[in-house]
DNA sequence: ACGCGATGTCAAGCACACTTGACAATGGCC
DNA sequence: GGCCATTGTCAAGTGTGCTTGACATCGCGT
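Residue numbers (full-length UniProt numbering), protein chains in the order written: chain X, 1 to 64; chain L, 1 to 64.
Set out below in structure tokens:
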């Protein structure tokens, strides 16, 4: 499951730590999700989508 | 995180086992999600939304 | 070249998503 | 009342989402 998090984060000139703090997870979690180690939980995905003003479908790409 | 799964499933006259088979999880998992025991994973949420022809935001209600 | 912030990554641990197998409770139908 | 499909729920196990702490590496500015 790909995502546009790194792209949207760097657009805003936020560090991984900045973003982590905004959505309430650890920096390592942001890094792991950006580098495709695992997918976020559903509530966490909602928080990210809300932060970037996107739908979950726009933020996460379902490549099955 | 509330969801409309039970409502949409019964509309279609599917059993929990029917739905489970369609999205590739166990019946107990469907039951647990309908009864609010836990939230589905993000890829699983995508499969459910796709099956019901809804967006994730329409299927899952973010009550934080 | 050096320092330093940002990023990538590892290990160990905890909580939860999901499994199979089993059984009790519900509810409609004969 | 009795049968049977459906649903709810428990236990025990596996895998993954997420944590903290630590350390290596990658720019980039000076």
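We treat Cβ as the ideally placed atom computed from N, Cα and C, and that holds for glycine.
Is it right to say residue i is buried, meaning 16 or more other beta carbons lie within 10 angstroms of its own, or is it exposed?
{"i": "residue 52(L)", "result": "buried"}
{"i": "residue 12(L)", "result": "exposed"}
{"i": "residue 16(X)", "result": "buried"}
{"i": "residue 48(X)", "result": "buried"}
{"i": "residue 59(L)", "result": "buried"}
{"i": "residue 19(X)", "result": "buried"}
Hey, would you say residue i sits closer than 8 angstroms to residue j, going by beta carbons?
{"i": "residue 54(X)", "j": "residue 39(L)", "result": "no"}
{"i": "residue 5(L)", "j": "residue 34(L)", "result": "yes"}
{"i": "residue 25(L)", "j": "residue 44(L)", "result": "yes"}
Tell me residue i's beta-bridge partners as DSSP assigns them.
{"i": "residue 52(L)", "result": "None, per the DSSP bridge assignment."}
Inset, instruction - Pick out the complete alpha helix (DSSP H) segments inside the segment 22-50 of chain X, 4 residues or longer, and give them in chain order. - result: 27-34
Inset, instruction - Below 9 angstroms between beta carbons is the criterion; list the residues of the UniProt domain "HTH cro/C1-type" (5-59) of chain L that meet it against any residue of chain X, in chain order. - result: 39, 40, 41, 42, 43, 44, 45, 46, 47, 49, 50, 55, 56, 57
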